[in-house]
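The sequence shown runs 7 to 336 under our numbering. Think of the CB as a built atom: it goes at the ideal place given N, C-alpha and C, for glycine as much as any other residue. Below is one structure, written out as structure tokens, with a few remarks after it.
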Amino acid sequence: MAISNTTKKILEILADGQFHSGTELAEQVGISRSAIWKHIRGLSELGLECYALSGKGYRLNQTLELLDAQKILEALRPEVEKNISQLDIFDQIDSTNSYLMSEAGRRNSSGAICIAEYQRAGRGRRGREWVSPFGSNIYLSILWHFSSSPAAISALSLVVGIAVIRVLRQINIQEIGLKWPNDIYWQGKKLAGILVEVSGEVDGPCTAVIGLGLNMFLPKNSAQNISQEWVDLQQILQDKQISRNDLTALLINELVAVISTYENLNFDAYFEEWCRYDCLKNKQAMLYIGQQQFSGKVLGIDTQGLLLMEDSNGISRTFASGEVSFSRRG
Numbered sequence: 007m008a009i010s011n012t013t014k015k016i017l018e019i020l021a022d023g024q025f026h027s028g029t030e031l032a033e034q035v036g037i038s039r040s041a042i043w044k045h046i047r048g049l050s051e052l053g054l055e056c057y058a059l060s061g062k063g064y065r066l067n068q069t070l071e072l073l074d075a076q077k078i079l080e081a082l083r084p085e086v087e088k089n090i091s092q093l094d095i096f097d098q099i100d101s102t103n104s105y106l107m108s109e110a111g112r113r114n115s116s117g118a119i120c121i122a123e124y125q126r127a128g129r130g131r132r133g134r135e136w137v138s139p140f141g142s143n144i145y146l147s148i149l150w151h152f153s154s155s156p157a158a159i160s161a162l163s164l165v166v167g168i169a170v171i172r173v174l175r176q177i178n179i180q181e182i183g184l185k186w187p188n189d190i191y192w193q194g195k196k197l198a199g200i201l202v203e204v205s206g207e208v209d210g211p212c213t214a215v216i217g218l219g220l221n222m223f224l225p226k227n228s229a230q231n232i233s234q235e236w237v238d239l240q241q242i243l244q245d246k247q248i249s250r251n252d253l254t255a256l257l258i259n260e261l262v263a264v265i266s267t268y269e270n271l272n273f274d275a276y277f278e279e280w281c282r283y284d285c286l287k288n289k290q291a292m293l294y295i296g297q298q299q300f301s302g303k304v305l306g307i308d309t310q311g312l313l314l315m316e317d318s319n320g321i322s323r324t325f326a327s328g329e330v331s332f333s334r335r336g
């Protein structure tokens, strides 16, 4: 569903989570009550749940805090803001990563940031869909140019994971962990994912687009097709609330700080911190690389950010990439 100006106006009114009558909405938006009803019915295509109650009107099942560029920029640290070349916020987009990948050749400066209310074709690893309901979560990508080769920044997703963990700890979330190479977990359930896409010459330089999807509130109708266990911040924080704009600013502050210094520090500076949050270590797991499968016990990672696994014969191997599946009880 395309998000028209009319739909956006209706959402801005309903964002408070209170009931609003069809008559009230029609008067404020400037269309008929029947047209309001058509727009309300279409909200489900954006992943939103809206209730209709005779005599009271319509209400969303959750309040919405729409993105505000000014609020986000005002909350950025000065040293971070100077490293940002552009901040784009879209009501709808195919994918924040895809947008910046298409822009990479036209942007000579690092620090272009793309955020969206809604992704029509959000992407996770291995081409999977990233469920992206409107105004509910954080979908954020950053473009960065590196003088190094793609191989030299191979552990970038691990460092980005640390940046996200730092922010979550700032808002007092405990029991969080990092699942190699790019997922953030809470009590064995996925809370956020990172997608780093790199283009450039084998010997450098290269350009990376670093994408983050973080669940703040995932409506049940949007999550029904997600195959793995997931969690959102609303479940974790319960009665406590955090501003979506404030959290976006906190993430940008930490992400830009670690990305901008990564080439100088490399992964060595983050190795011990990453290991503290490793939620795979000592678990039995299955590693998928294309059509190949490897099973064994995860020993952790090495100082280059490579995964260490031990098979049933006690032989250990290192892996630079792959998708890991593990048991929460393993």
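Item, Value
"Terminal residues of the alpha helix (DSSP H) in which Gln241 lies", "Leu239 to Leu243"
"Residues that DSSP places opposite Gln125 in a beta bridge", "Ile99"
"Closest Cα partner of Thr254 within the set Leu66, Gly219, Lys287 and Met107", "Gly219"
"Short Cβ contact (7 Å threshold) for Ser153 with Gly117", "no"
"Spatial neighbours of Glu260 in its chain, beta-carbon cut-off 8 Å, leaving aside the 5 residues before and after", "Ala169, Val170, Arg172 and Val173"
"Segment limits, alpha helix (DSSP H) that includes Tyr276", "Taken as a continuous stretch (DSSP letters only), Tyr276 belongs to no alpha helix (DSSP H), as it is neither H nor E."
"Cut-off 7 Å between Cβ atoms - residues of its own chain near Gly306, not counting five sequence neighbours on either side", "Cys281, Asp284, Lys287 and Leu314"
"Supposed close pair Ser163, Pro187 - CB separation, criterion 8 Å", "5 Å"
"Beta carbon of Phe140 nearer than 7 Å to that of Leu239", "no"
"Inter-stretch contact at 8 Å, needing at least 3 Cβ pairs: the stretch 15 to 22 / the stretch 70 to 80", "yes"
"Ile200 - containing beta strand (DSSP E), residue span", "Lys195 to Gly206"
"Check whether Ile179 and Ile242 have beta carbons under 7 Å apart", "yes"
"7 Å Cβ cutoff met for Asn251 and Lys88", "no"
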